[in-house]
Amino acid sequence: MPQQILPLFRFSCSIMQQWAQTQVQGDRYPAVSGPMKVRGAAPASVRILSQRSLHLRPRLMLLLLLACMLYSLSLSSATRRYRLTWRDDPATTMTIGFEIYGASNARVVYDTQDHDREVNAYRQSANPARRINHAGMQNVFVRLGGLQPGTIYYFLVVDENSVSKRMIFETPPNSPDQPLSIIAGGDSRNNRPAAVRGNRLVSKLRPHFVLFGGDMTNTDTPREWQDWFDDWQLTISSDGRLTPIVPARGNHERANSSIYNLFDTPHQEVYYALSFGGNLLRTYTLNSSFPPGGHQLNWLTADLSRTKTSWKIAQYHHAMRPHTASKPERDELITLWATQFARYGVNLVVESDAHTVKQTWPIRPSRAPGSSEGFIRDDVRGTVYVGEGCWGAPLRANNDDKPWTRASGRFNQFKWIWLDGSQMQIRTVDIDRSAGASVEVNPAARFQIPPGMEFWEPRGTGEVVRIPFREHAPGGNPGAGNPLTDRTPSMQSTSPPPPAILQRDARGIVKVDFRMPVNGQPHIIVVDAGNNLLWQQKLPVRGPGPYSEEVELPALPRAGGMKLVIRGGGKVVAKYILQ
Numbered sequence: 048m049p050q051q052i053l054p055l056f057r058f059s060c061s062i063m064q065q066w067a068q069t070q071v072q073g074d075r076y077p078a079v080s081g082p083m084k085v086r087g088a089a090p091a092s093v094r095i096l097s098q099r100s101l102h103l104r105p106r107l108m109l110l111l112l113l114a115c116m117l118y119s120l121s122l123s124s125a126t127r128r129y130r131l132t133w134r135d136d137p138a139t140t141m142t143i144g145f146e147i148y149g150a151s152n153a154r155v156v157y158d159t160q161d162h163d164r165e166v167n168a169y170r171q172s173a174n175p176a177r178r179i180n181h182a183g184m185q186n187v188f189v190r191l192g193g194l195q196p197g198t199i200y201y202f203l204v205v206d207e208n209s210v211s212k213r214m215i216f217e218t219p220p221n222s223p224d225q226p227l228s229i230i231a232g233g234d235s236r237n238n239r240p241a242a243v244r245g246n247r248l249v250s251k252l253r254p255h256f257v258l259f260g261g262d263m264t265n266t267d268t269p270r271e272w273q274d275w276f277d278d279w280q281l282t283i284s285s286d287g288r289l290t291p292i293v294p295a296r297g298n299h300e301r302a303n304s305s306i307y308n309l310f311d312t313p314h315q316e317v318y319y320a321l322s323f324g325g326n327l328l329r330t331y332t333l334n335s336s337f338p339p340g341g342h343q344l345n346w347l348t349a350d351l352s353r354t355k356t357s358w359k360i361a362q363y364h365h366a367m368r369p370h371t372a373s374k375p376e377r378d379e380l381i382t383l384w385a386t387q388f389a390r391y392g393v394n395l396v397v398e399s400d401a402h403t404v405k406q407t408w409p410i411r412p413s414r415a416p417g418s419s420e421g422f423i424r425d426d427v428r429g430t431v432y433v434g435e436g437c438w439g440a441p442l443r444a445n446n447d448d449k450p451w452t453r454a455s456g457r458f459n460q461f462k463w464i465w466l467d468g469s470q471m472q473i474r475t476v477d478i479d480r481s482a483g484a485s486v487e488v489n490p491a492a493r494f495q496i497p498p499g500m501e502f503w504e505p506r507g508t509g510e511v512v513r514i515p516f517r518e519h520a521p522g523g524n525p526g527a528g529n530p531l532t533d534r535t536p537s538m539q540s541t542s543p544p545p546p547a548i549l550q551r552d553a554r555g556i557v558k559v560d561f562r563m564p565v566n567g568q569p570h571i572i573v574v575d576a577g578n579n580l581l582w583q584q585k586l587p588v589r590g591p592g593p594y595s596e597e598v599e600l601p602a603l604p605r606a607g608g609m610k611l612v613i614r615g616g617g618k619v620v621a622k623y624i625l626q
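Using this note's numbering, you'd call the opening residue of the sequence shown number 48 and step up by one each time.
Below is the structure:
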């Protein structure tokens with residue numbers, strides 16, 4: 048309890064104690080004996096004292112009520128709207144942000160041992176590194192350093208009058224041998240009930256961190272930001288654990304300062320990179336509402352070229368090829384960024400803004416035959432793109448699929464990503480269908496799916512997108528040229544990738560994807576290494592658009608060099624290597 052309140056509380060308790068003693072001490076209450084005991088009569092002194100106590104009771108009860116109110120006040124903190132971010136190495140640093148509204152100063156005390164709300168028991172203390180008024184809040188940021196990787200820390204935010212509830216943060220591991228759990232999404236905007244449902248699911252899944260792709264609010268007003276941070280408190284788990292957020296800027300943030308001043312990002316222009324698990328993962332947060340060339344591109348290219356992590360993930364707001372027809376294409380992002388993603392082996396890109404759901408096959412920029420809208424499927428050297436928002440923003444129709452689209456949909460969602468040294472797994476959490484999930488992931492078993500969690504399972508593709516680990520050539524991808532300006536490229540820079548590989552299951556079934564350019568009947572053929580026909584089948588007539596089919600093959604030999612080719616509308620629409 049704060050020192051200013053404690054004397055008054057003790058005084059009130061002393062008065063209460065004296066009042067109680069006057070009613071039970073022997074000199075005030077003579078012992079009852081003889082006839083008085085039998086008849087139940089009380090002596091005059093007792094009756095007089097009872098009248099006095101009745102006279103004093105209202106005052107004493109008022110003192111008691113005041114003491115209780117003061118004690119209750121001491122339990123309420125003058126800080127709120129807590130958030131965790133990073134400016135440096137996530138394994139050894141943490142930034143604790145909050146709003147201070149009822150005090151002038153605050154600090155953080157922290158320890159690897161839980162001391163509940165006993166301030167003086169915590170062994171370490173840190174003062175604010177930055178204070179900034181923004182969005183109607185006095186935002187305070189305490190930057191901690193020298194932390195132990197893979198460690199749980201308990202902390203309090205202490206001001207001159209009060210103490211916060213005891214909270215927890217966890218530094219991620221610094222070893223590539225330990226897997227990571229990540230949530231990625233964006234666009235909470237103005238549908239608070241859906242956004243709140245998503246936030247509650249974060250508290251259940253307890254990821255190492257959240258990648259958030261911008262458009263937290265609708266109009267970037269103080270009231271909206273205050274509501275957003277109030278809602279973000281629902282990501283706190285039942286034991287007080289906060290999840291760090293890695294934020295990007297969206298177009299509904301009117302300026303870079305909204306993200307920088309509310310999350311204390313490493314760069315004022317809101318593009319930056321963080322590494323996790325030693326050399327396991329590097330994340331790139333880019334700013335699509337800021338010029339994508341110039342300094343941002345130079346920084347991105349330089350960082351990608353020297354990064355040797357097993358995995359690379361990029362996030363930004365605007366989708367390059369939105370999967371809703373009402374959104375504009377972002378050709379310049381393909382030219383400037385996607386070429387670098389392909390050249391330097393970025394495995395996954397998380398986009399937002401379109402308010403629809405999509406996941407692609409691995410793709411890379413290309414204008415070669417077989418490409419569409421500046422991309423071509425490449426299962427060896429391609430990047431998987433997922434998105435596009437839907438953490439509560441108004442949903443839009445998924446009416447602009449591409450030949451390289453794996454699946455699309457329309458519902459509130461975010462991605463739950465697991466990765467280790469061998470593979471990355473991506474699940475799409477259906478926020479509304481998972482609203483009933485009430486069990487939190489066990490911190491010791493965070494890769495076990497809790498009951499009630501519902502995932503998107505597109506027809507024919509399954510609920511999990513798996514990306515296997517692959518070595519990337521140190522010099523980058525020679526096939527990643529400029530897809531929009533280099534229309535007559537050299538053979539080295541844009542030779543088409545080898546066809547994707549089809550692996551037959553035990554029943555001889557393969558899954559093929561293709562896009563019909565016009566109305567027609569798809570025709571599937573299988574040929575051997577000498578282009579001799581081994582098998583063929585015609586599919587039902589259909590209109591233009593993307594299709595995904597499971598095809599049961601006969602008992603064909605498992606010889607090398609076999610190809611499966613699909614023709615439609617008078618041309619080849621898909622080609623695979625058959626194994």
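Think of the CB as a built atom: it goes at the ideal place given N, C-alpha and C, for glycine as much as any other residue.
Looking only at R506, Y363, G297, Q387, the smallest Cα-Cα distance to Y319 is reached by Y363.
Counting only runs that start and end inside the region 550 to 622, the beta strand (DSSP E) elements of at least 3 residues fall at 556 to 563, 570 to 574, 580 to 585, 592 to 599, 610 to 615. P416 has its alpha-carbon roughly 10 Å from the corresponding atom of F422. Counting only runs that start and end inside the region 206 to 243, the beta strand (DSSP E) elements of at least 3 residues fall at 214 to 217, 227 to 232.
Taking 8 Å as the cut-off, the beta carbon of T430 is found closer than this to the beta carbon of R411.
For the set G615, D400, I548, R589, the Cα lying nearest the Cα of G607 is the one of I548. Taking 8 Å as the cut-off, the beta carbon of T218 is found no closer than this to the beta carbon of V257. D400 sits buried, since 16 or more C-beta atoms from the chains shown fall within 10 Å of its C-beta. In the DSSP assignment, L194 falls outside any beta strand (DSSP E), carrying neither H nor E.
Excluding sequence positions up to five before and after H570, its CB lies within less than 6 Å of the CB of K585, R614, all in the same chain and listed in chain order. Beta-bridge pairing by DSSP links A444 to no other residue. Per DSSP, the continuous beta strand (DSSP E) segment holding F256 begins and ends at 256 to 259. Between D234 and G436 the beta-carbon gap is near 3 Å, inside 8 Å, which marks them as a contact.
Put simply, of P505, N489, E398 the residue whose alpha carbon is nearest the alpha carbon of F461 is E398.
The C-alpha of V317 is placed about 20 Å away from the C-alpha of P269.
In this model, N345 and H519 are separated by some 21 Å (Cα to Cα).
V427 counts as exposed, since fewer than 16 other C-beta atoms from the protein chains shown sit within 10 angstroms of its C-beta. Contact between A241 and N459 holds, since their C-beta atoms are separated by about 5 Å, short of 8 Å. R474 sits away from E501, with the two beta carbons spaced by 8 Å or more. Taking C-beta atoms as the reference points, E596 and V559 count as a pair closer than 8 Å.
In the displayed model, T282 falls within a helix according to three-state DSSP. With 16 or more other Cβ atoms from the protein chains shown falling within 10 Å of its own Cβ, N238 counts as buried. At the C-beta level, G456 and V404 come within 8 Å of one another.
The beta-bridge partner set that DSSP reports for W358 consists of L328.
By DSSP's assignment, L252 forms no beta bridge with any residue. At a cut-off of 4 residues, the continuous stretches assigned as alpha helix (DSSP H) that sit fully inside the region 357 to 416 are 386 to 390.
Here P223 is near L327, since their CB atoms are less than 8 Å apart. If you compare the alpha carbons of S228, Y201, R213 with that of D467, the shortest gap goes to S228. Judged by beta-carbon spacing, R377 lies within the 8 Å limit of H365, meaning their Cβ atoms are closer than that value. Taking the C-beta atoms as reference points, R443 is found nearer than 8 Å to T371. By alpha-carbon distance to L191, the top candidate from N174, P601, K610, A602 is N174. The beta carbon of Q568 sits closer than 6 Å to the beta carbons of K585, V588 from its chain, once the five residues preceding and following it are set aside; these are given in chain order. Taking each of R513, E146, D477, L611 in turn and checking the Cα distance to R551, the smallest one comes out for L611. Taken atom to atom, the span from the alpha-carbon of S469 to that of P505 is near 24 Å. The Cβ-Cβ distance between N180 and G197 does not fall below 8 Å. Judged by DSSP in its simplified three-state form, E271 adopts helix.
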